[in-house]
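Undergrad: Pasting a structure below so you can have a look.
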Amino acid sequence: MGEGLCRALTNRKDLPGADASILLAAQQHGVPVTVHAAIGAEIIHQHPATDGAAVGATSYRDFRRLAAAIPDLHQGGVVLNWGSAVLMPEIFLKALTIARNLDQGRPTHFTAADFDMQRHYRPRMNVVQRPTRAGGAGFLLTGHHEILIPLLVWGVLERVGSQESGVGAAESKERNRK
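With my numbering, letter number 106 in the sequence shown gets 119, and the count goes up by one each step, no holes.
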């Protein structure tokens with residue numbers, strides 16, 4: 014389902030904001046985009062033309078793709094849970110368990126973070142605490158997404174900019190002004 018969504022976005026030539034699309038960026042960098050449907054939970058599932066078998070099959074295929082990608086977290090990967098209090102923490106923990114059972118306890122030593130307006134049990138336990146006990150770092154960031162997302166993007170750009178040029182983005186801006 015995620016792959017099909019990315020293909021549909023790629024085929025739209027007039028897509029506004031394509032250069033800022035997280036889904037398209039993931040696809041361009043070979044990062045699997047997965048969709049995990051809870052049958053009946055989405056408004057589109059109420060439409061008479063919805064094919065429950067197709068939704069279930071593509072969602073299951075995406076779960077397998079996610080589970081296959083989880084080993085790539087080993088030694089430095091990052092998992093970010095944005096605002097999912099139940100479904101994604103459970104799906105992530107199950108996929109992680111499969112990967113660890115098949116690969117001698119790996120992945121370990123990755124970073125996991127939960128971003129939400131409220132703290133919830135499942136993201137704290139299933140995304141942040143349990144997965145990083147064997148090594149890694151876990152973070153709980155509580156706040157509004159419209160504040161947290163730009164702050165995270167700024168932090169990543171600051172770090173990437175400093176690594177590429179040897180200076181921080183703030184120093185780079187100062188140089189550009191002169």
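The C-beta atom is built at its ideal place from N, Cα and C for all residues, glycine as well. Source: prediction; values computed, not measured.
#1: Helix, strand or coil for Asp-116, going by three-state DSSP, please let me know.
#2: Would you kindly report the start and end of the unbroken alpha helix (DSSP H) that includes Asn-94?
#3: Helix, strand or coil for Asn-189, going by three-state DSSP, please let me know.
#4: Would you say Ala-125 and Val-92 are within 8 Å of each other, going by their C-beta atoms?
#5: From what residue to what residue does the alpha helix (DSSP H) around Asp-129 run?
#6: If you follow the alpha helix (DSSP H) that Thr-71 is in, where does it begin and where does it stop?
#7: With 16 as the cutoff for other CB atoms within 10 Å, does Leu-115 come out buried or exposed?
#8: Using the rule of at least 16 other Cβ atoms within 10 Å of the residue's Cβ for burial, across every protein chain shown, is Leu-86 buried or exposed?
#9: So what does Leu-109 bridge to, in DSSP terms?
#10: Please report the straight-line C-alpha distance between Gly-148 and Leu-79, rounded to a whole angstrom.
#11: Any idea if Ile-104 is buried or exposed, counting beta-carbon neighbours within 10 angstroms, 16 or more meaning buried?
#12: List the residues that DSSP assigns as beta-bridge partners of Gly-155.
#13: Please tell me whether Thr-47 and Gly-15 are closer than 8 Å, where the distance is taken between their beta carbons.
#14: Are the beta-carbon atoms of Leu-36 and Leu-28 separated by less than 8 Å?
TA: Judging by the given coordinates:
#1: In the structure shown, Asp-116 sits in coil (DSSP, three-state: anything other than H, G, I, E or B).
#2: Annotation for Asn-94: no alpha helix (DSSP H) segment contains it, though the beta strand (DSSP E) segment containing it runs 91-95.
#3: Reliability fails at Asn-189, whose pLDDT of 48 lies under 50, so the model's placement of it is uncertain and the value that follows must be treated cautiously. Reduced to three states, the DSSP call for Asn-189 is helix.
#4: yes
#5: No alpha helix (DSSP H) holds Asp-129; the beta strand (DSSP E) holding it covers 123-129.
#6: 65-82
#7: exposed
#8: buried
#9: The partner list for Leu-109 (beta bridge, DSSP) is empty, contrary to what the question assumes.
#10: 21 Å
#11: The residue is buried, with at least 16 neighbouring Cβ atoms inside 10 Å.
#12: Going by the sequence as given, residue 155 is Thr instead of Gly. Beta-bridge pairing links Thr-155 to Asp-129.
#13: yes
#14: Taking 8 Å as the Cβ cut-off, Leu-36 and Leu-28 do not qualify as a contacting pair.
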